[in-house]
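*Asks:*
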Amino acid sequence: MRVFSMRGKSRHQMLLALCWLFLALTRSGAVSRCVDHACSPPIGNLASGRTLITHSSCCGNSSFLHSPCPHPPVTPHLLCPEDTHPSAHMTDDPFLHPDTWWASGAGTTVQEQQDEIRLDLEARFCLSHVVLVFRSPRPAAMAIERSADFGKTWEVLKLFSHNCSMEFDLPDDFTQPGSLCTSRYASATPCSGGEVILRTLDPSSGKTQDPYSPEALARLTLTNLRIRLLKAQTCPAPLNPPAEWTSPTASALTSTSSTESSAYTPYAIYTLLARGTCLCYGHAEYCVPYNSSQDTRQDSDMVSGRCLCTHHTAGNHCEKCAPLYNDRPWRPANSSSGESNPCQKCQCHGHADSCHFSQRAWLSSGGTSGGVCDDCRHNTVGRRCQRCRPGYHRHPSLPLNSPHTCTRCWCDPQGSLPPRPGEERPWCHPRSGQCHCKSGVGGTSCRHCLPGYWGFGGDGCKPCTCTHSCDPTNGQCLDSYSNNQVSNVPIGGKIPDLDHMFTVEEEVQWSKELAVSALHYTVIKATVLSAHDKGSHAEVQVKVRKVLQSSKVALYLGTIHIYPLSWTSRGCTCPVLNPGMEYLLAGPEEAGTGRLLVTMQSVVVPWTPRLGLLISESLRTGCT
């Protein structure tokens, strides 16, 4: 038995420890109800911790509905008793203070007795229901109203009367469900402890409604609550007022006129309960004081008004998306299904701190993405900061989210064209960094002449007037291209072995310049089969081995004819093509016919495997 008792005690202690651990984790924020789920702050009494403003007709003001006088009155009146039961008694703890209540002033007659209780909130809240517990008989007529614009306009939530048609000219919801007036809670009995209950969402409708739907929020949201006590009524049975109600004024009235004393029936309310919570649209678990800058919740009975937002939302009521999370439209969470509907982060690649939602971008993407990044940094532009701004280009070895991904264009001022209108810096290709060169100028930065050109300067480079090539500095004709890069051998001659003519650095740089030169041309690898002198022109038959780039006319593998230009009395002054040799060919097509031409501006280079690899890579990365 002792062993069993010890085991039971140990199990009980373990369960107790687990409960305390769960409670500690919950309160510390380690377990949140908002993770991938709709959530809302706890419901409490909106009147707790706030001042209830009461107005009474005790001052004899006949225009009460237009200009009510405050309670207690500024100037004492014979009919206004001492304020021994202030409005704060309606919101104190009924368990700690069961014998406290609020009492209104007295009127000359029961029918003249009109009072108002008003709760002004500092922000928008959601009201679920209102409960009033009367110490006096419940009113014969009363109204509960709300404002959603801080008291500018008012809307009746419910009217209460024992005779709706007589008091408000409305049917009773007993006979006509949905009517604004009800005879419920309008009876004079019980003489004390009677309740008046208002539920903002009608439970009799039978359907579950999402409290964050527009229809529900139109009913739940409020900034002010007003209870108008329009007509008092006496209890059928005599009600002896307690001793604490006795005051010199009341005693004087009693001794003066027993009739007036018997008619004296003020409104008295034990408890006013306005159950609700701060408005967070299902995106917050806790709230903090509205005018507080702190984001830590406090233990208090008061329902605070500023939400501690989750799901990447922001605002006092989580009514918008956080600055960098506007890729989709903001939506409230769905309390019925539990969907959190979080805001989506914009893809700004680390170059922006905020974005905005664009309906046009949303529609063009088919409803998948609508975010537009704001104020892109690090020299980036574009809807997602994905491009380099004019005057900059992508760094080839850095990722897009690097702050240094866009590097400045370095264009030679002599060899490159001036900036376009409205641009401060010279233009270069945003991906390759290739500058916009002047005529006959080559290189990524436009720093030297292309093969077949000479005289680098402010006007670009001039074409060589030689049969072969010319010196790039003075234009003097040469027997071969500079640095022996391109050999011009007559038809039938032998071309030397070119596999080991260049250093690695020269070959890489040369291949890039060739790729730049061939940017708008058709580029092929071809074997020369035959060359024919047609008198007025030349015709060369080649077999296309590989198509590296097509321009206007699509080319396919096989035999085609190409046409060297120009043909003069001295013969062909273009680069020479030797039968039996493989070449890298890059040239334009003839307008109208689409024939592939070979001119002095064409690239004609004997093919090597390494050259083909370098050219292919350069075309892929530098000219696309």
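Just so you know, we're using my numbering here: the sequence shown kicks off at 1271 and counts up by one.
A virtual CB, placed ideally from N, CA and C, is assigned to each residue, including glycine.
#1: Decide yes or no for the touch test of the region 1631–1643 against the region 1679–1694: beta carbon pairs closer than 8 Å, at least 3 of them.
#2: Does DSSP put phenylalanine 1438 in a helix, in a strand, or in coil?
#3: Between which two residues does the alpha helix (DSSP H) carrying proline 1733 extend?
#4: Which value, in whole angstroms, describes the spacing of the CA atoms of glutamate 1852 and alanine 1796?
#5: Please report the residue range of the beta strand (DSSP E) in which tryptophan 1724 lies.
#6: At the level of alpha carbons, what is the spacing between tyrosine 1595 and arginine 1601?
#7: Quick test of your reading: isoleucine 1313 and leucine 1402, contact by CB under 8 Å. State the CB separation rounded to the nearest angstrom.
#8: Would you mind sorting glycine 1850 into buried or exposed? The rule is 16 or more other CB atoms within 10 Å of its CB.
#9: Relative to the C-alpha of histidine 1553, which residue among Ser1610, Tyr1455, Asp1644 is closest?
#10: By the three-class DSSP mapping on this structure, what secondary structure does alanine 1358 have?
#11: Could you tell me whether the Cβ of tryptophan 1632 comes closer than 8 Å to any Cβ of chain B?
#12: Which residue marks the beginning of the beta strand (DSSP E) containing leucine 1855, and which one marks its end?
#13: Assign threonine 1529 to one of two classes, buried (16 or more other C-beta atoms within 10 Å of its C-beta) or exposed (fewer than that).
#14: Is alanine 1418 helix, strand or coil when you go by DSSP?
#15: If you reduce the DSSP assignment to three classes, tell me which class cysteine 1876 lands in.
#16: Quick check: the Cα distance between alanine 1513 and glutamine 1446, rounded to an integer number of angstroms?
#17: Below 6 Å CB to CB, which residues in the same chain sit around aspartate 1443 once its five sequence neighbours on both sides are set aside?
#18: What are the boundary residues of the alpha helix (DSSP H) that leucine 1490 is part of?
#19: Are the beta-carbon atoms of arginine 1489 and leucine 1471 separated by less than 8 Å?
#20: Check each candidate in Arg1496, Ala1824, Tyr1537 and name the one with the smallest Cα separation from lysine 1816.
#21: Shortest alpha-carbon distance to glutamine 1503 belongs to which of Gly1620, Cys1461, Cys1734, Pro1481?
#22: Quick one: give me the first and last residue of the alpha helix (DSSP H) that arginine 1240 is part of.
#23: With the cut-off set at 8 Å, would you say threonine 1324 and aspartate 1385 are in Cβ contact?
#24: Do the CB positions of glycine 1728 and cysteine 1719 come within less than 8 Å of each other?
#25: Flag this pair as touching only if the region 1616–1633 and the region 1645–1655 have three or more C-beta atom pairs under 8 Å; answer yes or no.
#26: Alpha carbon to alpha carbon, how far is aspartate 1645 from arginine 1545? Give it in angstroms, no decimals.
#27: When DSSP builds the beta bridges, which residues end up paired with cysteine 1577?
#28: Give the DSSP bridge partners of valine 1466, in chain order.
#29: According to DSSP, simplified to helix, strand and coil, what is glutamine 1811?
#30: Which value, in whole angstroms, describes the spacing of the CA atoms of cysteine 1591 and histidine 1582?
#31: Nearest to proline 1683 by CA position, among Lys1428, Ser1715, Ser1739, is which residue?
#32: Quick check on this structure: which residue in Ser1605, Gly1575, Arg1454, Pro1407 has the alpha carbon closest to the alpha carbon of cysteine 1434?
#33: Give the DSSP-derived three-state secondary structure of leucine 1633 in the structure shown.
#34: With burial defined as no fewer than 16 other Cβ atoms inside 10 Å of the residue's Cβ, what is the status of leucine 1429: buried or exposed?
#35: What residue from Val1868, Pro1660, Val1793, Leu1827 has the CA that sits closest to alanine 1801's CA?
#36: Does the beta-carbon of leucine 1492 have 16 or more other beta-carbons within 10 angstroms, so that it is buried, or is it exposed?
*Replies:* This is what the structure gives:
#1: no
#2: Position 168 of the sequence shown holds residue 1438. Phenylalanine 1438: helix per DSSP, three-state reduction.
#3: To locate residue 1733, count along the sequence shown from 1; it is residue 463. First-last for proline 1733: 1730–1733, but that is the beta strand (DSSP E), not the alpha helix (DSSP H).
#4: As a working mapping, residue 1852 is identified with position 582 in the sequence shown. As a working mapping, residue 1796 is identified with position 526 in the sequence shown. Whole-angstrom Cα-Cα distance: 6 Å.
#5: As a working mapping, residue 1724 is identified with position 454 in the sequence shown. Unbroken beta strand (DSSP E) run through tryptophan 1724: 1723–1727.
#6: Position 325 of the sequence shown holds residue 1595. Position 331 of the sequence shown holds residue 1601. Between the C-alpha atoms of tyrosine 1595 and arginine 1601 there is a straight-line separation of about 12 Å.
#7: Taking the first residue of the sequence shown as 1, we reach residue 1313 at position 43. Taking the first residue of the sequence shown as 1, we reach residue 1402 at position 132. Not really, about 18 Å apart at Cβ, beyond 8 Å.
#8: In the sequence shown, counting from the first residue as 1, residue 1850 sits at position 580. Burial call: exposed.
#9: As a position in the sequence shown, residue 1553 is number 283, starting the count at 1. With distances taken between Cα atoms, histidine 1553 lies closest to Ser1610.
#10: Numbered from its first residue, the sequence shown carries residue 1358 at position 88. Helix, per DSSP.
#11: This model lacks chain B altogether; it includes just one protein chain.
#12: The count along the sequence shown starts at 1 and reaches residue 1855 at position 585. Where leucine 1855 is concerned, the enclosing beta strand (DSSP E) stretches over 1852–1857.
#13: Counting from one through the sequence shown, the residue named residue 1529 turns up at place 259. Reliability of the predicted coordinates at threonine 1529 is poor, the pLDDT of 38 falling under 50, and no value is obtained from them.
#14: Indexing the sequence shown from 1 puts residue 1418 at position 148. Of the three classes helix, strand and coil, the one that applies to alanine 1418 here is coil, per DSSP.
#15: Counting from one through the sequence shown, the residue named residue 1876 turns up at place 606. Reading the sequence as shown, one finds proline at residue 1876 and not cysteine. Three-state DSSP puts proline 1876 in a strand.
#16: Against the sequence shown, residue 1513 aligns to sequence position 243. Against the sequence shown, residue 1446 aligns to sequence position 176. Here the model assigns alanine 1513 a pLDDT of 49, short of 50, so the residue's position is not dependable, and the following value carries that caveat. Cα to Cα, the separation comes out at about 44 Å.
#17: To locate residue 1443, count along the sequence shown from 1; it is residue 173. Same-chain partners within the cutoff: Ser1449, Thr1452.
#18: As a working note, residue 1490 is residue 220 in the sequence shown. Counting along the chain, the alpha helix (DSSP H) containing leucine 1490 begins and ends at 1484–1490.
#19: Taking the first residue of the sequence shown as position 1, residue 1489 is located at position 219. Taking the first residue of the sequence shown as position 1, residue 1471 is located at position 201. For arginine 1489 and leucine 1471, yes; Cβs fall inside 8 Å.
#20: On the sequence shown, position 546 is the one that residue 1816 refers to. Out of Arg1496, Ala1824, Tyr1537, Ala1824 has the C-alpha closest to the C-alpha of lysine 1816.
#21: For the purposes of this step, residue 1503 is identified with residue 233 of the sequence shown, where counting begins at 1. Residue Cys1461 is the option with its Cα nearest to glutamine 1503.
#22: With the chain represented from 1271 up to 1894, any question about residue 1240 goes unanswered, as that position is not in the structure.
#23: Numbered from 1 along the sequence shown, position 54 holds the residue referred to as residue 1324. Numbered from 1 along the sequence shown, position 115 holds the residue referred to as residue 1385. Closer than 8 Å, so yes.
#24: Along the sequence shown, read from residue 1 onward, the residue named residue 1728 stands at position 458. Along the sequence shown, read from residue 1 onward, the residue named residue 1719 stands at position 449. The Cβ atoms of glycine 1728 and cysteine 1719 do not sit closer than 8 Å to each other.
#25: Contact between the region 1616–1633 and the region 1645–1655 is present, with at least three C-beta pairs closer than 8 Å.
#26: On the sequence shown, residue 1545 is found 275 positions in, with the first residue counted as 1. On the sequence shown, residue 1645 is found 375 positions in, with the first residue counted as 1. When rounded, the distance between both Cα atoms is 45 Å.
#27: Numbered from 1 along the sequence shown, position 307 holds the residue referred to as residue 1577. Beta-bridge pairing links cysteine 1577 to Cys1557.
#28: Start at 1 with the first residue of the sequence shown, and residue 1466 comes out as number 196. Partner(s): Leu1402.
#29: Reading the sequence shown from its first residue, position 541 is the one you call residue 1811. DSSP places glutamine 1811 in strand when its eight states are reduced to three.
#30: To locate residue 1591, count along the sequence shown from 1; it is residue 321. To locate residue 1582, count along the sequence shown from 1; it is residue 312. The straight-line gap separating the alpha-carbon atoms of cysteine 1591 and histidine 1582 is approximately 6 Å.
#31: For this step, residue 1683 is matched to residue 413 along the sequence shown. It is Ser1715 whose Cα lies nearest to the Cα of proline 1683.
#32: Numbered from 1 along the sequence shown, position 164 holds the residue referred to as residue 1434. The candidate whose alpha carbon is nearest that of cysteine 1434 is Arg1454.
#33: On the sequence shown, residue 1633 is found 363 positions in, with the first residue counted as 1. The answer is helix: DSSP assigns leucine 1633 an H, G or I state.
#34: Taking the sequence shown and counting its residues from 1, one reaches residue 1429 at position 159. Burial call: buried.
#35: Taking the sequence shown and counting its residues from 1, one reaches residue 1801 at position 531. Nearest of Val1868, Pro1660, Val1793, Leu1827 to alanine 1801, Cα basis: Val1868.
#36: Translated into positions along the sequence shown, residue 1492 becomes position 222. Flag for leucine 1492 reads buried.
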